[in-house]
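Visitor: Would you mind keeping the following structure in view while I ask a few things?
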Amino acid sequence: MQITVSHVDHAETYRERLSPSLWVLAAAGGAAPMVALVFAPVDTTLALVAGALVGVAVIALLVLASPVLEVAEGELRAGRAHIEVSLLGAPQVLAGEPARLARGQDLDPRCWHVIRGGIDGIVSIPVLDPVDPAPAWVLSSRTPDRLAAAVRRAQVRRSTPSR
């Protein structure tokens with residue numbers, strides 16, 4: 002998990018990488034001994050090297066391919082998508098049972114989703130742009146309160162004329 006709040010040109014930036022849980026990384030690391038077993042009859046040194054390389058590569062790919070949530074420069078980025086915060090409504094933070102329902106039974110397929118298993122918090126942000134086909138963005142977050150606050154701050158900053 003990587004969460005960063007920094008001050009750049011007096012504008013706060015929120016950034017969170019939705020990296021896999023430790024259980025997922027441990028399970029992915031299980032690929033290393035499997036590859037080593039495949040190469041063990043050929044050569045034990047080759048088996049150890051191949052197993053280690055595959056284990057590191059699988060874990061690195063899982064971490065590097067994790068989506069990033071970011072609020073910066075008046076824009077919300079979630080994975081490969083981005084939208085101006087001025088086109089968004091008030092964020093709603095969901096946890097526990099409401100978050101479970103938002104990820105499952107109440108999931109609207111028209112919304113833009115960045116949902117990760119093992120992350121309980123959800124932030125649902127309505128889209129106010131009448132041209133946008135997605136009625137809302139539904140995002141998993143380990144710190145949903147901080148993400149919602151960052152979106153609100155960016156919206157206030159965008160709507161307030163600079164002095």
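Positions 2 to 164 (my numbering) are the ones given, in order, by the sequence shown.
Note that the Cβ used here is the ideal one computed from N, Cα and C, for glycine as well.
Keeping to the same chain, check which residues put their C-beta closer than 7 Å to that of Arg104; ignore five residues upstream and five downstream.
Guide: Along the sequence shown, one-based indexing puts residue 104 at 103. Excluding sequence neighbours, Arg104 sits near Ile116 and Ile123.
Visitor: Leaving out five residues before and five after Ala48 in sequence, what residues of the same chain have Cβ atoms less than 6 Å from its Cβ?
Guide: Reading the sequence shown from its first residue, position 47 is the one you call residue 48. Hits under 6 Å: Ala37, Phe40 and Ala41.
Visitor: Along the chain, which unbroken stretches of the beta strand (DSSP E) at least 3 residues long are found entirely within the region 44 to 125?
Guide: Complete beta strand (DSSP E) runs here, min 3: 69 to 73, 76 to 79, 82 to 85, 93 to 95 and 113 to 115.
Visitor: Does DSSP put Leu148 in a helix, a strand or coil?
Guide: Along the sequence shown, read from residue 1 onward, the residue named residue 148 stands at position 147. Correct three-state label for Leu148: helix.
Visitor: Return helix, strand or coil for Leu19, following the three-state DSSP convention.
Guide: Looking up residue 19 in the sequence shown gives position 18. Leu19 falls in the coil class under three-state DSSP.
Visitor: Grouping DSSP H, G and I as helix and E and B as strand, with all else coil, what is Val132?
Guide: Locating residue 132 in the sequence shown gives position 131, counting from the first residue. Looking at Val132 - three-state DSSP - the assignment turns out to be coil, as it is neither helix nor strand.
Visitor: Our contact map puts Ala149 next to Pro68 with C-beta atoms below 8 Å; I'd like the distance itself, whole angstroms only.
Guide: Numbered from 1 along the sequence shown, position 148 holds the residue referred to as residue 149. Numbered from 1 along the sequence shown, position 67 holds the residue referred to as residue 68. That pair is no contact at about 18 Å.
Visitor: With DSSP as the reference, label Pro42 as helix, strand or coil.
Guide: Indexing the sequence shown from 1 puts residue 42 at position 41. DSSP places Pro42 in coil when its eight states are reduced to three.
Visitor: If you follow the beta strand (DSSP E) that Leu141 is in, where does it begin and where does it stop?
Guide: Working through the sequence shown from its first residue, we reach residue 141 at position 140. Looking at the sequence provided, one finds Ser at residue 141 rather than Leu. Start and end: Ala137 to Ser141.
Visitor: Measure the alpha-carbon distance for Glu17 versus Glu74 and round it to whole angstroms.
Guide: As a working note, residue 17 is residue 16 in the sequence shown. As a working note, residue 74 is residue 73 in the sequence shown. Computed Cα separation, rounded: 16 Å.
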